[in-house]
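Below: the structure, in structure tokens.
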Amino acid sequence: MAESAKWYVVHTYSGYENTVKATIEKTIETRQLQDVIFEVSVPMETVTEVTDNGPKTIDRKVFPGYVLIKMIMTDDSWYIVKNVRGVTGFVGSGTKPTPLTEEEVLQLGVEKREIVVAFQVGDTVRITDGPLTSFTGKVDALDIDKNSVRVIVSMFGRETPVELELDQVEVISE
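So for the sequence shown, the working numbering puts the first residue at 1268; every next one is plus one.
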């Protein structure tokens, strides 16, 4: 068996993205490939266009002509995806598909990670990373969507708000 599942980019004919996605999903179902091909995605964004008739909200493909697939790369899975009608090939050098890196997957927002925060506003926390490591303070604000927390730290006799990422602090058990 190949390495664990990774995200790959498949190039398609323009306008065939949803057809390719549907065909791959149907093939996964009929051939029982749920343990090899996990997810097929056509990234979409909601855009408001202003026209003569007023504003209009539409869904638009972020990457026209491309479909993202989370799969374990084997000869069989490569063959199945490559031979779907509308697919022109995998993105990569030569005949070898190149998987997306973790950073690229996070930037594209393809995978949503659920964040569980062990603290809330008013809790005392210790900073575990960055220039203020080992400082303690109280949580003033939380923004889970933006992965940020504001902690009030006492520095030089003053209360100073510090913006940090959620994983840079830990709750102090009392």
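Each residue gets a CB set at the ideal place from its N, CA and C atoms; glycine is no exception.
Query                                                                                                                                                                     : Result
Determine the extent of the beta strand (DSSP E) in which D1343 is found, giving its start and end residues.                                                              : Run containing D1343: none in the beta strand (DSSP E); it sits in the alpha helix (DSSP H), 1342-1349.
How close, in whole Å, do the beta carbons of V1420 and V1436 come, if the pair is a contact with beta carbons under 8 Å?                                                 : Incorrect: roughly 11 Å between the Cβ atoms, too far for contact.
Have a look at D1407 and T1391 and give me their C-alpha separation to the nearest angstrom.                                                                              : 10 Å
Is the beta carbon of V1303 sitting closer than 8 Å to the one on S1344?                                                                                                  : yes
Smallest Cα separation from P1331: which of N1414, G1356, N1285, V1438?                                                                                                   : N1285
Between the stretch 1392-1405 and the stretch 1353-1366, can you find at least three pairs of beta-carbon atoms closer than 8 Å?                                          : no
Just to confirm my understanding: we take M1268, look at its own chain, exclude 5 residues before and 5 after, and list those with CB closer than 6 Å. What are they?     : With a pLDDT of only 38 at M1268, under 50, the local geometry of the prediction cannot be trusted, and the value read off the model is given with reservation. Within the same chain, M1268 has no close Cβ partners at all.
Cutting at 6 Å between CB atoms, please list the residues of its own chain near P1322, excluding the five before and the five after it.                                   : T1315
For Q1301, which residues from the same chain have a beta carbon less than 8 Å from its beta carbon, with the 5 sequence-adjacent residues on both sides left out?        : I1295
Could you say which of L1399, D1412, V1438 lies nearest to M1422 if we only look at CA atoms?                                                                             : L1399
Where DSSP assigns a beta bridge to L1431, which residues make up the other side?                                                                                         : V1416
Excluding the 5 residues preceding and the 5 following A1385 in the sequence, name in chain order all residues of the same chain whose CB lies nearer than 8 Å to its CB. : E1437, V1438
Let me confirm a value: L1335 is counted as buried when at least 16 other C-beta atoms fall within 10 Å, else exposed. Which label applies?                               : buried
DSSP three-state label for T1279, please.                                                                                                                                 : strand
In terms of alpha-carbon separation, which member of A1289, R1425, L1367 lies closest to I1339?                                                                           : L1367
Measure how close the beta-carbons of G1356 and K1349 come, nearest whole angstrom, since I'm counting them as under 8 Å.                                                 : 7 Å
Can you have a look at Y1275 and say buried or exposed, based on whether 16 or more other CB atoms are within 10 angstroms of its CB?                                     : buried
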